[in-house]
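Structure, as structure tokens:
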Amino acid sequence: MSYQPYFLLTDIIYFFLLFICIIIIWRCRQTRFFQQIKSTLYSRKALCALMIIFAYLTVATLDSIHFTVVKSNQYFSKGRVISVLDILFEKTQAKHEKTYSKPLASHLFTAEKVMKNGIVTWVYPTLNISQARLKSSVSTTDFILRKICMTLGCTLSLFLLVYLLTFNLRKQKPYYAWRTFYITTIILLMFASIIIFTSSDYHLLGTDKVGNDILYVSLKSVRTAVLLGSITMLIMLPFAIFFGMGAGYWGGKIDDMIQFVYTTLSAIPSVLLIIASVLALQVFIERHDTFFSTMIMRADIRLFVLCLILGLTSWTSLCRVIRAETLKLRELEYVQAAKVMGTPNLKILFRHIFPNVLHIILITVILDFSMIILAEAVLTYVGVGVDPTTYSWGNMIDAARMELARTPVVWWPLFSAFSFMFILVLAINIYVDVLRDKLDPRNS
1140 MSYQPYFLLT
1150 DIIYFFLLFI
1160 CIIIIWRCRQ
1170 TRFFQQIKST
1180 LYSRKALCAL
1190 MIIFAYLTVA
1200 TLDSIHFTVV
1210 KSNQYFSKGR
1220 VISVLDILFE
1230 KTQAKHEKTY
1240 SKPLASHLFT
1250 AEKVMKNGIV
1260 TWVYPTLNIS
1270 QARLKSSVST
1280 TDFILRKICM
1290 TLGCTLSLFL
1300 LVYLLTFNLR
1310 KQKPYYAWRT
1320 FYITTIILLM
1330 FASIIIFTSS
1340 DYHLLGTDKV
1350 GNDILYVSLK
1360 SVRTAVLLGS
1370 ITMLIMLPFA
1380 IFFGMGAGYW
1390 GGKIDDMIQF
1400 VYTTLSAIPS
1410 VLLIIASVLA
1420 LQVFIERHDT
1430 FFSTMIMRAD
1440 IRLFVLCLIL
1450 GLTSWTSLCR
1460 VIRAETLKLR
1470 ELEYVQAAKV
1480 MGTPNLKILF
1490 RHIFPNVLHI
1500 ILITVILDFS
1510 MIILAEAVLT
1520 YVGVGVDPTT
1530 YSWGNMIDAA
1540 RMELARTPVV
1550 WWPLFSAFSF
1560 MFILVLAINI
1570 YVDVLRDKLD
1580 PRNS
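Every number in this note's numbering is 1139 more than the matching position in the sequence shown, counting from 1.
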């Protein structure tokens, strides 16, 4: 066996969170609240946005399943930690380039000096990924037509499979936006087929300064964004829910104390806390380097600490909203009746108060998820984000600063990072917009 499982801290937390979400969805599938969420599938734009989010989650999940290479091969060296996504792009990684190349180009972006017959000339070297294709007897037109046929064949085959699997469900749920579902499925499958069949012969989005494939780097950055958002939400929610409901329900000195805590935290700039934490972590790693034997472990623990700090400093706004809603709910008649009947306070909180603030929590969490993705790019840009060795859109944008200043401009790394980040954030915001309308009591 060439690979052995390798577990990172963030991977364990991510799959634990996925497991918890699946259990909650399964247990609550018959509740009225879940049916309201399910009604978003009637909206075309919400269904399209949800499928795009699911595609990003699929990429993040594939990149979170790690292995250690036990026996070296032509693609990976022994001892290297790889993921399922790395295995899918193994041919692309094997054909590493020297430096920049444009999207779909066959030669390097920069010229090199070559001595021919005693004369120095400037030439654009052929890319390693294009050498086999250019040396073959197959013409470029035939090669492109072959790739188009393979892409269309794979797309139609997978779409037919999806159509057959959803045929009975379509009869049971005729009110879902099925046309939008099928159109979005075709588009996503077509993009996936293009990547599968052409990534071994072309750099679809070009290469960066050190010759890395931009598409591969952009897809690897999806995991960082998803983990940062999900783990931060996991850390933030308990503080916001317990402190918010506790302050609003009990009031008095408990309310004053909780208000003092989150007001003090709000007054401290989160960037300063992140900088101090990152510097303290670097000192700890240098003094205890035996605990972190590999670079990937150091980068992973820095990602977790960043999630921890963002979670500890981001719960204050949601706590305020939950407190205000709890202050209103505790005065309702059924809550007062439960108190008179001697119902324990914790039972009142989680049976009567919590279900009525759940819609606020859900909408705020999804919105904060997209804001944290943008915050990661900003923090990494200023040098206090994830580790420089970690694939992230923030590191791509940070590296693009100098590339935009050169002539001619190298625009594709920034374009790729911005496009992937923009699509994810836009999809999240579109879905939240529809979800907010569905959960609004005035629209029911």
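In this text, a Cβ means the ideal position worked out from N, Cα and C, and glycines have one as well.
Alpha carbon to alpha carbon, how far is residue j from residue i? Give it in angstroms, no decimals.
i	j	result
LEU1247	ASP1340	14 Å
ARG1490	GLN1421	45 Å
TRP1532	LEU1518	11 Å
PHE1493	TYR1181	27 Å
LEU1485	ARG1462	16 Å
VAL1548	ASP1526	26 Å
LYS1348	TRP1317	44 Å
LEU1468	ILE1487	11 Å
CYS1446	ILE1322	36 Å
LEU1157	LEU1366	11 Å
PHE1554	SER1269	23 Å
LEU1578	GLN1174	10 Å
LEU1303	SER1211	41 Å
ALA1185	THR1319	10 Å
ILE1226	SER1338	13 Å
ASN1495	ASP1395	23 Å
ILE1325	LEU1295	8 Å
For residue i, which residues in the same chain have their Cβ closer than 7 Å to its Cβ, ignoring the five residues on either side in sequence?
i	result
TYR1145	HIS1205, PHE1206, THR1207, VAL1220
ARG1272	PHE1282, ASP1340
ARG1437	ILE1424, PHE1431, ASP1526
ALA1188	ALA1566, ILE1569, TYR1570
SER1332	THR1290, CYS1293, THR1294
Which whole-angstrom value is the C-beta distance of residue i and residue j, which I expect to be below 8 Å?
i	j	result
LYS1274	TYR1530	Their Cβ separation, rounded to whole angstroms, is 32 Å, which puts LYS1274 and TYR1530 out of contact at 8 Å.
VAL1410	VAL1523	7 Å
ILE1505	ILE1567	6 Å
GLY1387	LEU1466	5 Å
ILE1370	THR1149	7 Å
LEU1412	ILE1374	That pair is no contact at about 14 Å.
PHE1336	LYS1255	Going by Cβ atoms, the distance from PHE1336 to LYS1255 rounds to 36 Å, so no, they are not a contact pair.
TYR1195	VAL1361	6 Å
ILE1500	ILE1380	7 Å
GLY1368	PHE1154	Wrong, their Cβ atoms sit about 15 Å apart, outside the cutoff.
CYS1458	PHE1399	With 8 Å as the limit, CYS1458 and PHE1399 do not qualify as a contact, their Cβ atoms being about 12 Å apart.
SER1245	THR1346	12 Å between Cβ atoms; not a contact.
ILE1191	ILE1536	Actually they are not in contact, since the Cβ atoms of ILE1191 and ILE1536 sit about 21 Å apart, beyond 8 Å.
Report the three-state DSSP secondary structure of residue i (helix, strand or coil).
i	result
TRP1532	helix
SER1405	helix
SER1240	strand
PRO1527	coil
PHE1206	strand
GLU1470	coil
TYR1145	strand
LYS1310	helix
ASP1352	strand
HIS1491	helix
THR1433	coil
VAL1564	helix
LYS1255	strand
VAL1198	helix
LYS1550	Checking the displayed sequence, the identity of residue 1550 turns out to be Trp instead of Lys. Residue state, collapsed to three classes: coil.
MET1140	In this prediction, MET1140 scores a pLDDT of 49, lower than 50, which makes its location untrustworthy; no coordinate-derived value is stated.
Let me know if residue i comes out buried or exposed under the rule of 16 or more other beta-carbons within 10 Å of its beta-carbon.
i	result
ASP1281	exposed
THR1503	buried
ASP1428	exposed
LEU1291	exposed
CYS1160	exposed
MET1140	With a pLDDT of 49 at MET1140, under the threshold of 50, the modelled position of this residue cannot be trusted, and the question is left open.
TYR1401	buried
ILE1353	buried
TRP1165	exposed
MET1541	exposed
ARG1168	exposed
GLU1236	buried
THR1231	buried
GLN1475	exposed
GLY1481	exposed
TYR1315	buried
GLU1464	buried
THR1170	exposed
MET1434	exposed
Leaving out five residues before and five after residue i in sequence, what residues of the same chain have Cβ atoms less than 6 Å from its Cβ?
i	result
LEU1243	TYR1341
LEU1297	LEU1328
PHE1382	ILE1397, CYS1458
Ordered along the chain, which non-local residues of its own chain (more than five positions away) have a Cβ less than 8 Å from that of residue i?
i	result
ALA1250	TRP1261, VAL1262, TYR1263
MET1560	ALA1364, ILE1512, LEU1513, ALA1516, TRP1532
ASN1267	LYS1234, HIS1235, GLU1236
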